[in-house]
Amino acid sequence: MSVHKRWANVEYWQAIKRRAPAYTGQKYLKGLDMYKNDKGEIVNVAEDRRIHRKLWLRTIEVALFVTIFCFLMAYPIAHLLATLPMKYSNLLMICVLLPFWTSLLVRTASWMILLQQQGIVNDFFVFIGLVANDARPQMMYNKTGTYVAMTQILLPFMVLPLYSVMKTISPSLMRAGKSLGGTPFTSFWKIYFPLTIPGIGAGCLLVFILAIGYYITPALVGGASGTLISNQIAFHMKATLDWSFASAMGLMLLTGVMAIYWVYNKIVGIDNIKLG
Amino acid sequence: MALPRYTEPHYRAWHYLYLTICTAVFFFLIAPLFVIFPLSFNSEEFLVFTDGMMRLDPDAFSTRWYKDMVYGTKNPWGLAARNSFIIAFFATIGSVLLGTVAALGLSSRHMPYKGLIMAILISPMIIPLIISGVAIFFFMAKAGLAATHTGIILAHIILGTPFVVITVTATLSGFDHSVTRAAASLGSNPVNTFMKITLPLILPGVISGGLFAFVTSFDEVVVVLFLAGLESTTIPIQMWTGLREQLSPTILAVATCLIVLSTLILVTAELLRRRSERLRGIKRH
């Protein structure tokens, strides 16, 4: 009160009291495993209680690896689709588009059947002698399940942009490269690959953006170690009812997605999204 | 893909490796869908291939899970299917109307901030569903539309519109705007021009966008999870519950039906796309 005579006025204190809790950044700090201590400094929570940071890192890790797996698988088949005669490539294109049109839940259900401990994948591993019958590995309800199912589900989103770019590359370019003395590998690496980079960019950004917010598949096949940030948001919406924390985490995720979306729009152009 | 006869052996080896990889990837893409068919006809309650099924013993197969799907009382699949179709039907109509109008407006040369508007219109496709779900839930709760069909339909219109915008914009890319001016100069009013000239030309795009919107709504579970009341159960919600609690063969019977439905939709969409490309004179070699 000695600082300024206005502080003697009770109304100011009431105003501060009234305004203070209405808006706070604390939920955001909580989402990054930090909090404000008594002195108002922002500090990290104890190491063994940092769950959210781990979750963010895992989400990015899963999205990144799913993108890489999708790219490695999509590149050869997009090339095959683009170079085969129309008659055959149309037929194979169905193989890409049918999963694309099929219900997400149906595809996840089929992975649950395939990956279960008595499932076909495990049967096959036992059959070829990779694992013993009584030591069947757990492939579902962990990160493996999330990786496998998400890669298969998001693969068409990588194939379509790659295919549409590869379709425009004239086969005579590769022939020219070869006729000028390049081996098939150098002509591929120096001519073909650089021309497909726009498709790679479009596909990778799209798959990454979709993977980072994935909810259903991790919730069903992810178990405890394979859940992502979306699942945590749903958990706080449905179970703990900490809606403001769920919203804070949602906004953090949304900011990240919007940033990638902005890059996508700059590089690819939003009206170039391919839907088959 | 036959190789020339002069190909050196190690390139030949590479080529066969490449074909093997491609086969493996196609197998990875498509095979999981086909696991569901035989298991949905399993006569046992297990989700594994029994010895009888491996021997193709007719007794090992049955349609009991399909009967359970139609007549069973444990899971109200009939009610869910009805709700799903109603919601998807109205959501498709809404998405098609809004998406087509938006795409037409965006194709005009006089439209300002085209890129920004396009980016906003398409964002529901990109934004994680969980965020849309939470946001739509808060909004609908304030508007008093939570736990109603209307709320779900409105939400699905938002989610379906981007697909229509994309497909109709693609059809409009080869659209010659002088035909509408020609119609106007011949005395046609704008509504008549749209119905007689523009719409028939962009119809393949409109229909395929509508199919996308239908599938999106029909398959959508996250937003409905937040919005649905008890009586607005849908097929995806029933499947979601079933997959979380206990994976029963009845779900596989439903899944088989859904795969058949999506195959039909895919074939329709592909035929439309080819027809549209033929109409607009785009040749794929």
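Protein chains in written order, with my numbering: chain Z, 2 to 277; chain G, 88 to 372. The beta carbon of each residue, even a glycine, is placed where N, CA and C say it ideally should be.
Roughly how far, in whole angstroms, is the beta-carbon of residue i from the beta-carbon of residue j, given that I think they are within contact range, below 8 angstroms?
i	j	result
G:I352	Z:W102	6 angstroms
G:A340	G:M140	Contact doesn't hold; Cβ gap of about 16 angstroms is too wide.
G:A175	G:S304	4 angstroms
Z:Q153	G:P119	6 angstroms
Z:G326	Z:P138	Outside the modelled stretch of chain Z, which goes from 2 to 277, sits residue 326 of chain Z, for which no answer is possible.
Z:V269	Z:G202	6 angstroms
Quick check on residue i: buried or exposed, where buried means 16 or more other Cβ atoms within 10 Å of its Cβ?
i	result
G:E307	buried
Z:W8	exposed
G:P336	buried
G:F313	buried
Z:Y36	exposed
G:S272	exposed
G:S349	buried
G:H372	Only weak support exists for where G:H372 lies, its pLDDT of 38 falling under 50; the value from the coordinates is given anyway. Exposed.
Z:S231	buried
G:G231	exposed
Z:H5	exposed
Z:Y215	buried
G:P287	exposed
G:G202	exposed
G:G261	exposed
G:K370	Confidence at G:K370 is low in this model, with a pLDDT of 48, below 50, so its placement is unreliable and the value that follows should be read with caution. G:K370 should be labelled exposed.
G:S319	buried
Z:T147	buried
Z:Q119	exposed
G:H197	exposed
G:W164	buried
G:S195	exposed
G:Y158	exposed
G:P96	exposed
Z:H53	buried
Z:L58	exposed
Z:Y262	buried
Z:Q15	exposed
G:T179	buried
Z:N123	buried
Would you kindly report the start and end of the unbroken beta strand (DSSP E) that includes residue i?
i	result
Z:M35	35-37
For a quick check, are the C-beta atoms of residue i and residue j less than 7 angstroms apart?
i	j	result
G:L193	G:P291	no
G:M205	Z:I271	yes
G:G247	G:A300	yes
Z:L285	Z:A75	Absent from the model: residue 285 of chain Z. The displayed extent of chain Z is 2 to 277, so no value can be given.
G:V310	G:A234	no
Z:P77	G:Y98	no
Z:L116	Z:M140	yes
Z:P100	G:L90	no
Z:A64	Z:V160	no
G:I322	G:A167	yes
Z:A235	G:I217	yes
Z:A247	Z:M238	yes
G:V124	G:T280	The question names Val, yet the displayed sequence has Phe at residue 124 of chain G. No, the pair does not count as a contact, with Cβ atoms beyond the cut-off.
G:T254	G:G296	yes
G:F113	Z:C96	yes
Z:T298	Z:T228	No information on residue 298 of chain Z is available, as it lies outside the stretch 2 to 277 that chain Z covers here.
Z:L82	Z:L93	yes
Z:S245	Z:K28	yes
Provide the residue span of the alpha helix (DSSP H) that contains residue i, from first to last.
i	result
Z:N266	244-268
Z:V44	Note, Z:V44: premise wrong, no alpha helix (DSSP H); beta strand (DSSP E) at 43-45.
G:W164	164-194
G:D306	286-306
Z:G204	194-213
G:A271	265-272
G:H243	236-259
Z:Q117	Premise fails: Z:Q117 is in no alpha helix (DSSP H) and is neither H nor E.
Z:Q27	27-32
G:N279	277-280
Z:M151	144-167
Z:M238	230-239
Z:K6	Per DSSP, Z:K6 belongs to no alpha helix (DSSP H) and is neither H nor E.
G:I217	216-230
Z:L92	87-102
Z:A83	52-84
Z:W190	Element bounds for Z:W190: n/a, residue is neither H nor E.
G:F115	96-127
Exercise. Using Cβ-Cβ distances below 9 angstroms, what residues of the stretch 114-128 of chain Z are close to chain C?
Worked result: Note that chain C does not occur in the displayed structure, where the protein chains are Z and G.
Exercise. Is there contact between the stretch 180-195 of chain G and the stretch 244-261 of chain G, where contact requires at least three CB pairs shorter than 8 angstroms?
Worked result: yes
Exercise. Just checking, does the stretch 165-178 of chain Z make contact with the stretch 186-204 of chain Z on the three C-beta pairs under 8 angstroms criterion?
Worked result: yes
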